[in-house]
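Line order of the protein sequences matches chains C and B. Just so you know, we're using my numbering here: the first sequence kicks off at 1 and counts up by one. Just so you know, we're using my numbering here: the second sequence kicks off at 306 and counts up by one. For each residue, glycine too, the CB sits at the ideal point set by N, CA and C. Okay, structure first, notes after.
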Amino acid sequence: MNKTIKILLSTVLTLLAVSLLTFILMKLVPGGPFDTDKALPQEVMDALNKKFKLDLPWYLQYLDYMKGFIQGDLGPSIKYPGVSVKEIIMESFPVSFELGVYSLIIALVVGIGLGILAALYRGTALDYTSMIIAVSGISLPSFMVAAIAILLFSHTLHILPAALWDSPAHKIMPSIILGLRPAAIIARFTRSSLLEVLGLDFIRTAKAKGLSRSKIVAVHALKNSLLPVLTIMGPMAAGILTGSFIVEHVFSVPGLATNYIQGVSNRDYPLIMGVTMLFAFVLVIANLIVDLFYVVLDPRMKESS
Amino acid sequence: MKLFRDMNWPSKLAFGCIVLLCLMAILAPWIAPYGYDVQDVVRSYEAPSLTHFFGTDALGRDLFSRLIYGCRISLSIAFLTAFTSLIIGTIYGTISGYVGGWLDTVMMRIVDILYTLPSLIVMILVMLIFGRDISGIFIALTITGWLGAARIMRAQILSWKNRPFVEAAHSIGVPHLRIILKHLLPNCAAPIIVELSYQIPTNILAEAFLSFLGIGIRPPTPSWGILAEEGWRALRIYPHLTLFPGALIFITMLSFNLLGDDLRDRMDPFLKNKI
């Protein structure tokens with residue numbers, strides 16, 4: 001119980017710090033939401049600033065924003081009159097979430113699969129091929145993969161659409177490309193972790209007992225070797241988030257990252273805050289889930305933490 | 306020299322590539338057949354040929370020359386920010402680990418919070434605050450880049466500071482600064498060098514990402530990211546404008562990653578489990 005409160009408290013404090021930092025950074029960015037090519041009359045500017053409370057000192061604006069935030073009000077979008085930030089987020093979050101989940105699944109399946117193959121056939125051509133694929137996956141910028149994929153599948157073969165997010169066909173390329181880098185990282189991690197476990201004493205015991213190779217790997221080695229893989233899932237969520245900026249941009253996916261970039265270029269302060277807070281929240285939750293899983297999978301963690 | 310002799314062949318190749326890229330960056334004005342901003346509108350969007358090895362862009366500028374100059378920008382940003390953020394991280398982590406106690410708790414808590422901020426979001430905002438030029442991107446990448454080094458350094462210092470030889474130094478009255486510089490830092494160097502070799506490709510990618518999103522340094526300064534972004538607009542008709550910069554970024558990242566893997570495997574067997 002005590003521990004739950006502690007975790008909850010640290011989560012709230014972290015999010016609070018993130019909100020304050022983002023607010024300060026955002027306010028430091030020169031320019032404002034009403035900067036247009038043709039300067040507005042001073043009276044209009046004053047009225048607009050007053051309407052969105054931009055005439056107050058920044059800390060009062062922050063307090064005002066947080067007051068609304070606690071009550072679940074993310075404020076109005078400055079750029080799109082009549083639309084609230086909550087509505088924008090409600091519309092784009094499911095898109096980004098779906099994209100993220102697909103790519104995470106791809107990353108886990110492909111990554112763990114390649115990693116196991118490489119570890120089991122250590123030192124063979126299969127191992128080298130898997131690891132060359134993995135290191136290439138880490139080194140390839142996603143727009144490069146996207147360029148090749150679009151040229152091949154949309155432009156030449158005409159089998160997949162090059163942009164937007166409607167039918168399942170639209171979702172194939174973005175999901176795979178977003179999952180590529182995480183998959184490569186997981187593959188390398190799984191390989192080294194599995195190799196380490198396969199060298200341990202209890203595996204030798206299992207071999208001595210006469211268990212088959214597949215049983216040793218499936219029952220004994222895999223569970224232990226996937227534990228360290230779990231620890232990188234938190235940072236991985238962050239990586240997928242970063243990658244989603246490029247992938248959403250390249251494929252014109254109407255997700256959070258697209259809205260964030262638009263928010264930044266329009267100086268749409270409530271939109272920037274809303275999306276950033278959501279990103280930070282997702283990252284914190286991802287790390288919490290990883291911690292939780294860790295304790296479940298490795299009971300030794302309970303005592304030490 | 307021994308370090309080079311012991312390399313496996315992929316990392317020797319990678320090392321060669323990196324040396325070549327560095328030479329390209331340093332000697333850019335002498336290697337590039339054209340200037341990076343020399344326009345020749347009559348020859349816009351030319352396919353790769355003998356006069357223009359990688360073709361020309363929308364304004365008839367020679368892509369090969371622009372890539373060579375881009376090497377200069379991209380590599381110097383990557384190296385400079387990697388070194389700076391490592392120095393900051395090392396100092397921060399050393400203080401945190403060495404002093405310990407509540408200071409350590411507070412300092413690491415700050416790092417934890419900054420880790421929660423998605424780095425790309427911070428980079429975008431910082432870039433806009435300090436301006437979309439080299440100094441802007443330098444600050445943006447450094448602000449987000451030092452956290453990893455700080456964590457590694459703290460862990461290293463913690464694992465070394467209570468060893469008998471450090472205690473012995475304390476007992477004969479060696480000042481703290483000397484203990485840190487002479488006894489602790491040399492022992493903690495390996496993981497930091499490994500971190501450096503990974504930080505450089507991370508920075509190259511980050512610069513390319515920012516430019517690609519239209520928030521990086523401004524043209525006409527040709528960084529690889531800018532070149533890829535400019536090419537992207539004409540992807541369907543003139544794919545070479547995206548593929549050449551992309552391939553060059555790939556080769557560079559691959560070289561640094563291969564070299565980093567090899568360094569890690571040999572310098573620090575305990576770190577083998579890191580990504």
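Closer than 7 Å by beta-carbon distance: list the chain C residues that pair up with residue i, in chain order.
i                  : result
Arg-541 of chain B : His-155
Thr-547 of chain B : Ala-147
Thr-447 of chain B : What Thr-447 of chain B touches in chain C: nothing, since even the nearest Cβ is about 15 Å away.
Phe-369 of chain B : Chain C residues near Phe-369 of chain B: none, gap ~18 Å exceeds 7 Å.
Does the Cβ of residue i lie closer than 7 Å to at least one heavy atom of the ligand PLP?
i                 : result
Leu-74 of chain C : Within the structure as shown, the ligand PLP is missing, as the structure has no ligands at all.
I believe residue i touches residue j by the beta-carbon criterion, under 8 Å. Please report the beta-carbon distance rounded to the nearest angstrom.
i                  : j                  : result
Pro-527 of chain B : Arg-348 of chain B : Actually they do not touch by this definition, with Cβ atoms about 17 Å apart.
Phe-443 of chain B : Thr-399 of chain B : That belief does not hold up - the Cβ atoms of Phe-443 of chain B and Thr-399 of chain B are roughly 23 Å apart, past 8 Å.
Ile-261 of chain C : Leu-430 of chain B : In fact, because the Cβ distance is near 12 Å, the residues do not count as touching under 8 Å.
Phe-514 of chain B : Leu-140 of chain C : Between Leu-140 of chain C and Phe-514 of chain B the Cβ distance is about 13 Å, and since that is not below 8 Å, they are no contact.
Leu-546 of chain B : Ala-539 of chain B : 6 Å
Arg-377 of chain B : Ala-330 of chain B : 4 Å
Lys-79 of chain C  : Asp-268 of chain C : 5 Å
Ser-354 of chain B : Leu-563 of chain B : The pair is not a contact, with the Cβ atoms about 32 Å apart (cut-off 8 Å).
Gly-239 of chain C : Val-290 of chain C : With 8 Å as the limit, Gly-239 of chain C and Val-290 of chain C do not qualify as a contact, their Cβ atoms being about 13 Å apart.
Leu-256 of chain C : Ser-96 of chain C  : 4 Å
Ile-203 of chain C : Ala-221 of chain C : 6 Å
Ala-118 of chain C : Leu-126 of chain C : 7 Å
Val-427 of chain B : Ile-448 of chain B : 6 Å
Given residue i, which residues of its chain have a CB within under 8 Å of its CB, disregarding the five upstream and five downstream residues?
i                  : result
Ser-304 of chain C : At Ser-304 of chain C the pLDDT is 49, less than 50, meaning the model places this residue with poor confidence; the figure from the coordinates comes in the next sentence. For Ser-304 of chain C, where only same-chain residues beyond five positions count, there are no Cβ hits under 8 Å.
Ile-484 of chain B : Val-471, Ala-474 and His-475
Leu-20 of chain C  : Tyr-62
Ile-580 of chain B : In this prediction, Ile-580 of chain B has a pLDDT of 38, which is less than 50 and means its spatial position is unreliable; nothing more can be read from the coordinates.
Phe-561 of chain B : Ala-319, Ile-323, Ser-502, Tyr-503, Ile-505, Pro-506 and Ile-509
Thr-361 of chain B : Asp-345, Arg-348, Ser-349, Tyr-350, Glu-351, Asp-367 and Leu-368
By the criterion of Cβ-Cβ separation under 8 Å, what are the contact partners of residue i in chain C?
i                  : result
Pro-544 of chain B : Ala-147 and Leu-151
Phe-277 of chain B : Beyond the ends of chain B as shown, which are 306 and 580, falls residue 277 of chain B; an answer cannot be given.
List the residues of chain C that residue i touches, going by C-beta distances under 9 Å, in chain order.
i                  : result
Ser-424 of chain B : Ala-238 and Thr-242
Ala-533 of chain B : Pro-141, Phe-143, Met-144 and Ala-147
Gly-551 of chain B : Leu-140, Pro-141, Phe-143, Met-144, Val-145, Ala-147 and Ile-148
Trp-407 of chain B : Those within 9 Å of Trp-407 of chain B in chain C number zero; the least Cβ separation is about 16 Å.
Give the residues of chain B in contact with residue i, contact being defined as C-beta atoms less than 8 Å apart.
i                  : result
Val-253 of chain C : The premise fails here: Val-253 of chain C is roughly 14 Å from chain B at the closest Cβ pair, so nothing lies under 8 Å.
Val-135 of chain C : Leu-559, Asn-562, Leu-563 and Asp-566
Thr-190 of chain C : By Cβ distance, chain B contributes nothing, its closest Cβ being about 11 Å from Thr-190 of chain C, past 8 Å.
Leu-54 of chain C  : Within chain B, no residue comes near Leu-54 of chain C; the closest Cβ sits about 17 Å away, beyond 8 Å.
Thr-361 of chain C : Since the first residue of chain C shown is 1 and the last is 305, residue 361 of chain C is not available in this structure.
Val-264 of chain C : Ile-429, Leu-430, Leu-433 and Ile-520
Leu-25 of chain C  : Val-427, Leu-430, Val-431 and Ile-434
Using DSSP bridges, identify the partner residues of residue i.
i                  : result
Pro-76 of chain C  : C:Ser-84
Asp-582 of chain B : The requested residue 582 of chain B does not occur in the structure, where chain B is confined to residues 306 to 580.
Residues in its own chain within less than 6 Å of residue i by CB, not counting five upstream and five downstream?
i                  : result
Phe-369 of chain B : Phe-358 and Phe-359
Lys-577 of chain B : Confidence at Lys-577 of chain B is low in this model, with a pLDDT of 46, below 50, so its placement is unreliable and no value can be given for it.
Arg-523 of chain B : Arg-437
Phe-23 of chain C  : Tyr-62
Met-236 of chain C : Pro-182
Lys-27 of chain C  : Trp-58
Ser-154 of chain C : Leu-160 and Ala-162
Can you name the residues of chain B whose CB is closer than 7 Å to the CB of residue i?
i                  : result
Thr-276 of chain C : Ile-426
Val-18 of chain C  : Ile-418, Thr-421 and Leu-422
Leu-28 of chain C  : Ile-434
By Cβ distance below 7 Å, which residues in the same chain neighbour residue i in space, the five residues on each side in sequence not counted?
i                  : result
Leu-40 of chain C  : Phe-34
Ile-138 of chain C : Arg-181, Ala-184 and Ile-185
Phe-384 of chain B : Ile-505
Arg-462 of chain B : In the sequence under discussion, the amino acid at residue 462 of chain B is Ile, which differs from the Arg named in the question. Cβ neighbours of Ile-462 of chain B beyond the five flanking positions: Gly-398, Thr-399, Gly-402, Tyr-403, Leu-489 and Cys-493.
Met-90 of chain C  : none
Leu-108 of chain C : Ile-186
Thr-586 of chain B : This structure gives no information on residue 586 of chain B, because the portion of chain B shown stretches from 306 to 580.
Ile-434 of chain B : none
Ile-336 of chain B : Met-329 and Ile-373
Leu-275 of chain B : This structure cannot speak to residue 275 of chain B, because chain B is shown only from 306 to 580.
Taking Cβ positions only, does residue i come closer than 8 Å to chain D?
i                  : result
Val-247 of chain C : No chain D appears in this structure, whose protein chains are C and B.
So which residues on chain B does residue i lean against when the C-beta distance must stay under 9 Å?
i                  : result
Ile-261 of chain C : Ile-429, Leu-518, Gly-519 and Ile-520
Val-284 of chain C : Thr-421
Ala-280 of chain C : Thr-421, Leu-422, Pro-423 and Ile-426
Leu-21 of chain C  : Ile-418, Leu-419, Leu-422 and Val-427
ask   = What are the uninterrupted segments assigned as alpha helix (DSSP H) that are 4 or more residues long and contained completely in the region 431–476 of chain B, given in chain order?
value = Segments of the alpha helix (DSSP H) lying fully in the region 431–476 of chain B: 439–465 and 469–476.
inquiry  = Runs of 4 residues minimum, wholly inside the region 490–558 of chain B: which ones carry the alpha helix (DSSP H) assignment?
reply    = Within the region 490–558 of chain B, the complete alpha helix (DSSP H) runs of at least 4 residues are 490–517 and 529–537.
task = Taking only runs that begin and end inside the region 133–203 of chain C, name each unbroken alpha helix (DSSP H) of 4 or more residues, in chain order.
result = Fully contained in the region 133–203 of chain C are the following alpha helix (DSSP H) runs of length 4 or more, in chain order: 142–149 and 168–198.
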